Amino acid sequence: HAREKGLVFFGAVFDEGAADLLDEHVELFKIASYEMTHLPLLRHVAAKGKPVILSTGTAHLAEVQRSVQAFLATGNAELALLQCTARYPTPIEDLNVRALVTLREAFDLPTGLSDHSRDPVLGPMTAVALGATIIEKHFTLSNRLPGPDHAFAVEPDELALLVRRVREVEAALGDGRKEVLEVEQELRSFSRRYLFTTRSVRAGEPFTRDNVAALRRGVLDAGLEPEHFERVLSARATRDLPAESPITEEDLA
């Protein structure tokens, strides 16, 4: 059913037998925080050669390092780490989302957030803004269902909101290149400042601060940019210029 819906089906394993049972049915494995230091289990799962998502709740960085080293030593490099706070629900101030950056920089592995807070969007949005590529969130049909996890899990409408907000953050992050965007072109042309005469200037008359200013272009033709202001002030006009004329190279003598 998951595959029919375009979803990747996988499961968390808590012992070697469960990993063996699931192996032929899943494309990847999840290992929970409390199993993170179970190095024999990590090695057993890693040896299957499939991607593994490892949560790191309740762990020091040194413990994460030992687990990562044990996993990678099997020859399987497909490991992702989740920042996780093992408190249910997790208070917002204890999410420590920045730790996923620490994990990524320490191990050069994909990182994400296992979010147990009740807020459906704050943790995921923050994590994605910091470079997370995986978001884990408990899901339920109703917070009123019995059981330990339902009360803080997201309901269907909240999951839909979470996905929308994450996609919006991804869109807002952009590609990181600093360049003039197409949506900026009109105002760049209209609002950038250029050098104009503020009154009429006769041929041979020197340019001064009394007859030149850096003004927004509006619908007028562009002149020299303000970086040339001092050079213009040391020149004379080569021709008669009416007020509000753009000053160009050809106007300088």
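Each residue of the sequence shown is one higher than the one before, starting from 1 at the first, in the numbering used here.
Don't be surprised by glycine CBs; every beta carbon is placed ideally from N, CA and C.
None of these values were measured; they are calculated from a predicted model.
How is the alpha helix (DSSP H) around residue i delimited, first residue to last?
| i | result |
| --- | --- |
| Phe107 | Ala99 to Phe107 |
| Glu170 | Pro156 to Leu173 |
| Glu63 | Leu61 to Leu72 |
| Phe190 | Gln185 to Ser191 |
| Ala46 | Leu39 to Ala46 |
Candidates the options: which alpha carbon is nearest residue i's?
| i | options | result |
| --- | --- | --- |
| Pro206 | Arg231, Tyr194 and Ser191 | Arg231 |
| Ser200 | Ile134, Asp240 and Ala18 | Asp240 |
| Phe152 | Phe9, Ile92 and Thr111 | Ile92 |
| Ala106 | Leu173, Leu61 and Leu195 | Leu61 |
| Phe190 | Arg202, Arg217, Phe196 and Glu170 | Arg217 |
| Ala99 | Leu130, Ala237 and Ala171 | Leu130 |
| Pro89 | Leu113, Asp108, Leu103 and Asp119 | Asp119 |
Among all the DSSP beta bridges, which residues are the ones paired with residue i?
| i | result |
| --- | --- |
| Pro124 | BP columns for Pro124 are empty, so no partner. |
| Ala213 | Phe196 |
| Ser114 | Cys84 and Glu136 |
| Leu241 | Val201 |
Run through DSSP, which three-state label would residue i get?
| i | result |
| --- | --- |
| Pro206 | strand |
| Pro89 | coil |
| Phe14 | coil |
| Glu136 | strand |
| Val52 | strand |
| Leu252 | strand |
| Pro146 | coil |
| Leu22 | helix |
Please classify residue i as buried or exposed, where buried requires at least 16 neighbouring CB atoms within 10 angstroms.
| i | result |
| --- | --- |
| Glu186 | exposed |
| Leu116 | A small fix is needed here, since residue 116 is His in this sequence, not Leu. It is buried - the Cβ of His116 has at least 16 other Cβ atoms within 10 Å. |
| Glu225 | exposed |
| Pro124 | buried |
Within the continuous beta strand (DSSP E) that includes residue i, where are the two ends?
| i | result |
| --- | --- |
| Phe152 | Premise fails: Phe152 is in no beta strand (DSSP E) and is neither H nor E. |
| Gly9 | Reading the sequence as shown, one finds Phe at residue 9 and not Gly. No beta strand (DSSP E) contains Phe9, which DSSP labels as neither H nor E. |
| Lys30 | Phe29 to Ile31 |
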